[in-house]
Amino acid sequence: MVKGLKSLIHPVILQLMQDRESQLHPIEKSLLKTLASNRPMSVENLSELTGLNVDQVRRGIEWLKYKGLISVNAKSITKISIGKNGLYALENRFPERRLVELVKQGFNTMQKLSNVGVFHDNNESTAAFRHAVYLNKWLHQSPPSKPGDDATLVTLPGSDEASPEEALLMKIHMASAMSQDQVSSLSQEELRALNSLKNRHFIVEHTDKVSEIILSDKGRRLLTLLKLDNERLQDEAEQHLVNQLTPQLIASGRWKDVRFSPLDVEAPTTSLHAGKKHPLQNLIDEIKEVFIGMGFLEIDGPLIQSSFWNFDVLFTPQDHPAREMQDTFYIPQTYQTIPTKDRNIIDSVSRVHKKGWHYEWDPEESKRTVLRTHTTPVTLRYLSSNKTADAKLFTVGKVFRNEKASYKHLVEFNQIEGIVTGNSVTLRDLMGLQMEFYSKLGINKVKFWPTFFPYTEPSLQSMIFNESLGKWVELFGMGVFRPEVTEPLGIRNPVLAWGGGIERIAMLRFGLNDVRDLYSNNLGWLRSVPRYQS
Amino acid sequence: MRALKGLLGIEVGLPKFKLSTNNKYVIRVNKSVKQLRPYIVSFVASRKENLTNEDIKELIAMQEDLHNGVGRHRRKASIGIHNLDKIQFPLTYTTTEKNFSFVPLDRQNEYTMKQILDELDSGKEYGFILKDAERYPIIIDSNNIVLSFPPIVNSNTTRLGADIKNILVEVTAINKHTAEDTIAIIAINLFDAGFKIHPVIIDYTKPRNKELTPNMKPKIMQIDAGYINQVLGMNLTSQEISLCLKRSRLGSSLEPLKRARLKCSIPRYRTDIYNQIDIVEEAAIGYGIFNLQPSMPCSKASGTKSEITKLLNAIREILIGMGLVEIINFSLVSKKVQFELVGAESNIKNAISVDETKSNEYEVLRDTLIPSLLQTLSHNVHEEYPQKLFEIGKVFQTSDSLDEHWNVGVVIAHNSANYTGAKSTMQEIINGCFGPKYASAISTPAVYNGMFMDGRCANIDFNEMNIGIMGEISPLTVQNFKLRVPVAAIELNISSFLEK
Chain A
520 MVKGLKSLIH PVILQLMQDR ESQLHPIEKS LLKTLASNRP MSVENLSELT GLNVDQVRRG
580 IEWLKYKGLI SVNAKSITKI SIGKNGLYAL ENRFPERRLV ELVKQGFNTM QKLSNVGVFH
640 DNNESTAAFR HAVYLNKWLH QSPPSKPGDD ATLVTLPGSD EASPEEALLM KIHMASAMSQ
700 DQVSSLSQEE LRALNSLKNR HFIVEHTDKV SEIILSDKGR RLLTLLKLDN ERLQDEAEQH
760 LVNQLTPQLI ASGRWKDVRF SPLDVEAPTT SLHAGKKHPL QNLIDEIKEV FIGMGFLEID
820 GPLIQSSFWN FDVLFTPQDH PAREMQDTFY IPQTYQTIPT KDRNIIDSVS RVHKKGWHYE
880 WDPEESKRTV LRTHTTPVTL RYLSSNKTAD AKLFTVGKVF RNEKASYKHL VEFNQIEGIV
940 TGNSVTLRDL MGLQMEFYSK LGINKVKFWP TFFPYTEPSL QSMIFNESLG KWVELFGMGV
1000 FRPEVTEPLG IRNPVLAWGG GIERIAMLRF GLNDVRDLYS NNLGWLRSVP RYQS
Chain B
197 MRALKGLLGI EVGLPKFKLS TNNKYVIRVN KSVKQLRPYI VSFVASRKEN LTNEDIKELI
257 AMQEDLHNGV GRHRRKASIG IHNLDKIQFP LTYTTTEKNF SFVPLDRQNE YTMKQILDEL
317 DSGKEYGFIL KDAERYPIII DSNNIVLSFP PIVNSNTTRL GADIKNILVE VTAINKHTAE
377 DTIAIIAINL FDAGFKIHPV IIDYTKPRNK ELTPNMKPKI MQIDAGYINQ VLGMNLTSQE
437 ISLCLKRSRL GSSLEPLKRA RLKCSIPRYR TDIYNQIDIV EEAAIGYGIF NLQPSMPCSK
497 ASGTKSEITK LLNAIREILI GMGLVEIINF SLVSKKVQFE LVGAESNIKN AISVDETKSN
557 EYEVLRDTLI PSLLQTLSHN VHEEYPQKLF EIGKVFQTSD SLDEHWNVGV VIAHNSANYT
617 GAKSTMQEII NGCFGPKYAS AISTPAVYNG MFMDGRCANI DFNEMNIGIM GEISPLTVQN
677 FKLRVPVAAI ELNISSFLEK
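Taken in order, these protein sequences are the chains called A and B. Under my numbering, read the first sequence as residues 520 to 1053, first letter to last. Under my numbering, read the second sequence as residues 197 to 696, first letter to last.
Rendered as C-alpha cells:
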C-alpha cells in the first residue's frame, strides 16, 4: 500500500521538479519563500517582507497563480474607523464626560447647566444625561429639597473611570482602524460599547477589497522539494552540498545524505555541433529516393572516360566545338584501344558519323581520355552491354567542364540522368515522368519547350516556376535518343532520357546566389543549414 | 519569322523561294584548289534599296555564326560577302604564291599572303587551316582584282558599305555538303530580307562539270504516320500530321496509294533535318509541345540503390554518428595543395594532370583526400573547435592504366587531437560498417610519410593489403596550412571493400 502510494506520488513530484524548477524567476522564488509561513498575505505584506516593490510582487503573483503554485483569494475586509462625531468627541471629550466635569465644578442643577451652554443642541445634552446618569452611573439625580426646585446632580465614585465607550474609541483611535478580526476578539462589554459608538455615529464601518495570497498544495510541495524555505536551506548549506552526482556517490548510497546544489538553470552553455551530411549530399540522397520510389535502378560508372563513350557514341562529330580543349578536360594518357568488346559498335559508330556528318571518322580521336562531360557514357554503356528491352535506370555523379568558375558555373558539378526504355515508350511518357519526378521534389509548376541537343530528337527543355524568385527557371533537358545513337549500340527500343545539373536546385533550396558557396565548406554554414526542410 | 508564321498558321508549307533565271555570273575553279579547299558555291543578291548599317551588322553576325557552327571555325567552310559593283565577271577560284600581295580588309597597304598569316589577327587565328599548304587559295576577278583569301580574309577593295544594292556571296569549303548547307542558309535569309537571288555557275573547267549554285532544291523524305504517332505517343491521322508538318514549314503530302505514308519536302536550308526522327520533332512542334498531354508509361520495375551507394551511405552514417561533419571538395585540385603543402613534392611526377586548364586551382586529379580536408580546416580556423570533418570522394591514380576509386578521408582538429583518436575512429569505421570479423583483420604497421609526424603514422592494412593511412599531421604541414591546433587524419580506400 505504502509502496503504491509512493509510486503514485513520486511521478507527480518529479513532474513538478521538471516543470517548475527550471522556470522559477528570482521574484517567484522570493515570494514562495515568504509565503512558506502559510499565512495569507496581501500584496503589501509581501512587498514589505520581500523588499520587492508592489509592481514586482503583483507580477510575481500573476506568474505563480498561472503555474498553480499559489491561490489568490479576493476578500472584502470590513474596517471600523472613527467618524466625524467621534473625532469631535476625541477633541472635546464625550458629552457625558463634559457633563460630569461641569457637575464637579458646581453646575449641578439643570438651571445652572443650561446657562453654561456646553452642549450644542438638545440631542447632545440628552445623550449626556442618558449616558452619565443611566448608563455609566457617573451621576446621581437627588430629588429636590422642596418642590419647584431643580433636582441636584451628584457625582458617583465611578465617574473618574473611563467608560467602555471612551476606552474603545481611544483604542480605535490608536490603531487608526479596527478590522473584523479585531472586532471578533472584543469582550461583551466592548461589543456593547462598539454598538453604542456606532449608534452615536462616533465610528463608521467601511469595506475594502483586498487580495489574500496563500501557497497552494502544489506550491507547498514544490517549496518543500526545492528547499526554498530559508531555515532549511541554511541547514543544508551547513550539511553537504554537492555539485555533481558521481559514480562513487551512487555506489556508496551516500547520495541519500547529501544535497545537490541547485544550478543557475538559465545560464547559457557551450554550443554543441552535430555530425551532419553535406547539404548537397542530402539533396542527392533525396533525388535518389525519388528515382527509387519511381522504380528506377541506380547504376554508376567512372568519371574518366574515353572520347568514344563520351562523344562518338553520342553522335557528336569529332570536330564539334564541344569536344575542343577549351570546353573539355583531356588527360594526356590515352586509351590503347577503344574500350568495347564489341567491334561492331565501332564500325557502326564510324558509319553513322560518316553518313550524318560527312567526314572520315578517326578511331584515334576516340581513344583520347576525357573527364566525362555528362553521365550519359555510363547509362548508354549499360544499355549497350545489358541489351535489356525494358529498363528504368538512373545515375548521379560528377561531371566536368573546362570553364572558368563563376557565380553560376562550376568546373565540376553533379549531374543526374534518368533513362527509360521499352518498346512502347513515347515522348508524352517522358513528359509525364518528368512531371512526376518534379512533383516528388515538391515542384508542381512545370512547362516544356522545344530545344536542340545533338543526341536526342525530339528534345525538350523543362522549366519550373520558382516561387521565391517569382520566375521560370530552366532545369532539366530531355529527349528521345536519336537512332544514330541507339542503333549502333544494338538498342532496339526507344530510349527516353532526362537530366542535368542539380546544383541549381540546391541553390534555390538553400537560398544561395553563388554556386561556389556549395563547395566552399564554410563550417559555420554547414553547421547551420537545417537538416529537415519541408 | 518563317517558322513563326507557320506556327501561327499565317503561312504554312514550304516557304517561298525563287531563284532568278539570270545565268550570266560564272566562277571558274582552277584544279590547284583540289588538295586545299576544293569547293566553292556562290550567288548574287540584289535589291532596290541600299544596304543599311543595320543590314550589314546582321549579315556579319550571321556570317560569324555560320563560321563557328557549320563552318567549324572556318575549317570546313568560310564565307565572303562582297560589293558586286567592284567585280568584273567571270571570277576565278585558284591558288597563288605565298609572296603574292594585296590590300586586305581594313588595311591601306598591300600585304603578302605570308605577312597576312603572320601579322594580321585573322591570319594568326585561322592560319592553322592552311598550315601544310604550299600555295594559298584566292578568288580574283577578270581584272585580277582580289576578292578574298579564303578562309583568312577578304580584300579591302570589295568590302561592303552602306551605299550598296548588289552583293556577291561566296562560300569555300572542304566538302560539298557543308558548302551547300552554308550557302542555302544565307540565300534564304537574304531572300526573306527582300533580295533577288541570282545563281552563279561554278565551272570546274571540265566541260561536263558545271554547277548552278545555290542548290535550293528541297530534300524529299518519306515517313510513316505510324512512326510519328509511336514516338510521340499520339494517335493522329495522316492528314493531321501533314498539317502539323506544314505548320513547321515543311512540304507534306499523302502518298496516293499508301495513305499512312507521308511525302515530305525539306527546304535545303533546314540542315538540321536529315533523319526521319527529325521530321517527328517537326511534327511535334507543328502540333505544339503545349498541346501534348503528359502520360505515364506502365512498368513493373522496382527501384534499387547501387551497391556503392549502399556502402557509402553506411560509412557516412557511422562517421556522422561519431559527430563528424561532411564536406565536399573538387576532384580537380592544385598541385600546390595536393603536393607541395603536404611535403609530397616527389609525387608530382605521378600526378594525373588535365590539358589546358583555365585555372591552376584545377590542375590535377587528386590522388588522396587529406590535402583537400586540410585546406578546408585552413579556411575555417575562425570557427569553433573541435572540428571533425570527413569527405567521401573519388581519388585517381595511374600505374599501368588510369584507376579511380572511392576513398574516405577524415581530419580531427582540436587542442588534443592525436594518433589514438584517429586510430579509434578508423577502428569504428571498420567495425561499425563491416563488423568485428573485418576489424580483427586490420593491422597498423608504422610507416613514414612526409605529411605525418614521424613515429605517429601507420598504414592501415587489411589482411596485409594496404588500404589506407592514418596519423598525426606533421607540425610543418599544420603550419603550411596556417592551422593553430594539432590535427589527426585518416584516409581509407572504400572501393576495396566492395570487392571483398
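Even for Gly, the Cβ is constructed at its ideal location relative to N, Cα and C. Since we're looking at a predicted model, the values are computed, not measured.
Can you tell me whether residue i is helix, strand or coil according to DSSP?
| i | result |
| --- | --- |
| Ser-904/A | helix |
| Glu-805/A | helix |
| Asp-317/B | helix |
| Trp-968/A | strand |
| Glu-755/A | With a pLDDT of 48 at Glu-755/A, under the threshold of 50, the predicted position of this residue should be treated as unreliable, though the coordinate-derived value follows. Reduced to three states, the DSSP call for Glu-755/A is helix. |
| Ile-625/B | helix |
| Arg-652/B | strand |
| Val-985/A | Note on residue identity: the sequence assigns Asn, not Val, to residue 985/A. Strand. |
| Trp-828/A | helix |
| Glu-668/B | strand |
| Asp-748/A | Caution applies to Asp-748/A, whose pLDDT of 46 falls short of 50 and renders its modelled position unreliable; the model cannot decide the point. |
| Lys-795/A | strand |
| Thr-958/A | Looking at the sequence provided, one finds Ser at residue 958/A rather than Thr. In this structure, Ser-958/A counts as helix in the three-state DSSP scheme. |
Counting only the same chain and skipping the five closest in sequence on each side, list residues whose C-beta sits under 8 Å from that of residue i.
| i | result |
| --- | --- |
| Ile-473/B | Val-427 |
| Gln-623/B | Ala-635, Ile-638 |
| Pro-641/B | Ala-654, Asn-655, Asp-657 |
| Phe-972/A | Ser-978, Gly-996, Gly-998 |
| Ser-216/B | Lys-392, Ile-393, His-394, Pro-395 |
| Lys-406/B | Ile-397, Ile-398, Asp-399, Tyr-400 |
Less than 6 Å between C-beta atoms, sequence neighbours within five positions excluded: which residues of the same chain meet that for residue i?
| i | result |
| --- | --- |
| Tyr-465/B | Ala-380, Ile-381, Ile-384 |
| Ile-481/B | Ser-444 |
Assign residue i to buried or exposed, taking buried as 16 or more other Cβ atoms, counted over all protein chains shown, within 10 Å of its Cβ.
| i | result |
| --- | --- |
| Tyr-585/A | exposed |
| Lys-911/A | buried |
| Arg-862/A | exposed |
| Arg-266/B | Position check: residue 266/B holds Val in this sequence, whereas Arg was assumed. Classification for Val-266/B: buried. |
| Val-225/B | buried |
| Ser-661/A | exposed |
| Arg-1011/A | exposed |
| Pro-773/A | The identity of residue 773/A in the sequence shown is Arg, whereas the question assumes Pro. Exposed, since its Cβ has fewer than 16 Cβ neighbours within 10 Å. |
| Lys-807/A | buried |
| Tyr-697/B | The shown model of chain B, from 197 to 696, leaves out residue 697/B, and the question about it has no answer. |
Please tell me whether, using a cut-off of 7 Å, the distance from the CB of residue i to the nearest non-hydrogen atom of the ligand MG is below it.
| i | result |
| --- | --- |
| Ala-199/B | Looking for the ligand MG in the displayed structure turns up nothing, as the structure carries no ligands at all. |
Within a Cβ cutoff of 7 Å, which residues of the same chain sit near residue i, ignoring the five residues on either side of it in sequence?
| i | result |
| --- | --- |
| Asn-556/B | Ser-530 |
| Lys-964/A | Ile-983, Phe-984 |
| Gly-447/B | Gly-209, Leu-210, Pro-414, Cys-460, Ser-461 |
| Phe-677/B | Leu-537, Leu-570, Gln-571, Leu-573, Ser-574 |
| Leu-970/A | The question names Leu, but residue 970/A is Thr in the sequence shown. Within the same chain, Thr-970/A has close Cβ partners Ser-978, Leu-979, Gln-980, Gly-996. |
| Glu-1022/A | Leu-929, Phe-932, Asn-933, Val-1034, Leu-1037 |
Using a Cβ-Cβ cut-off of less than 8 Å, give me the residues of the stretch 520 to 548 of chain B that come near chain A, in sequence order. Leu-520, Val-521, Glu-522, Ile-523, Ile-524, Asn-525, Phe-526, Ser-527, Leu-528, Ile-548
Check whether the stretch 1037 to 1049 of chain A touches the stretch 572 to 586 of chain B, taking contact to mean three or more Cβ pairs, one atom from each stretch, closer than 8 Å. yes
Would you call the stretch 714 to 725 of chain A and the stretch 677 to 689 of chain A touching, i.e. three or more CB-CB distances under 8 Å? yes
Using a Cβ cut-off of 7 Å, which residues of the stretch 486 to 511 of chain B contact any Cβ in chain A, in chain order? Leu-488, Gln-489, Pro-490, Ser-491, Met-492, Pro-493, Ser-495, Ala-497, Ser-498, Gly-499, Thr-500, Lys-501, Ser-502, Ile-504, Thr-505
Taking a cut of 9 Å between CB atoms, which residues from the stretch 574 to 588 of chain B lie near chain A? His-575, Asn-576, His-578, Glu-579, Glu-580, Pro-582, Gln-583, Lys-584, Leu-585, Phe-586, Glu-587, Ile-588
By the 8 Å beta-carbon criterion, what residues does the stretch 242 to 261 of chain B contribute toward chain A? none
Quick check: the stretch 216 to 235 of chain B against the stretch 394 to 401 of chain B, are at least 3 beta-carbon pairs closer than 8 Å? yes
In chain order, what residues of the stretch 913 to 926 of chain A put their CB closer than 8 Å to some CB of chain B? Lys-917, Phe-919, Asn-921, Glu-922, Lys-923, Ala-924
Note down, in chain order, all residues in the stretch 779 to 811 of chain A with a beta-carbon under 8 Å from any beta-carbon belonging to chain B. Ser-790, His-792, Ala-793, Gly-794, Lys-795, Lys-796, His-797, Leu-799, Gln-800, Asp-804, Lys-807, Phe-810, Ile-811
Is the stretch 589 to 598 of chain A close to the stretch 716 to 736 of chain A, with three or more CB pairs under 8 Å? yes
Between the stretch 261 to 280 of chain B and the stretch 352 to 367 of chain B, do at least 3 Cβ pairs fall closer than 8 Å? yes
Decide if the stretch 810 to 825 of chain A is in contact with the stretch 950 to 966 of chain A; the criterion is three or more beta carbon pairs, one per stretch, under 8 Å apart. yes
For the stretch 1017 to 1047 of chain A, which residues have a beta carbon sitting closer than 9 Å to at least one beta carbon of chain B? Leu-1037, Tyr-1038, Ser-1039, Asn-1040, Asn-1041, Leu-1042, Gly-1043, Leu-1045, Arg-1046
If you pair each beta-carbon of the stretch 1004 to 1021 of chain A with each one of the stretch 930 to 939 of chain A, do three or more pairs fall below 8 Å? yes
Residues of the stretch 1001 to 1012 of chain A with a CB closer than 9 Å to any CB of chain B: list them in chain order, please. Arg-1001, Pro-1002, Glu-1003
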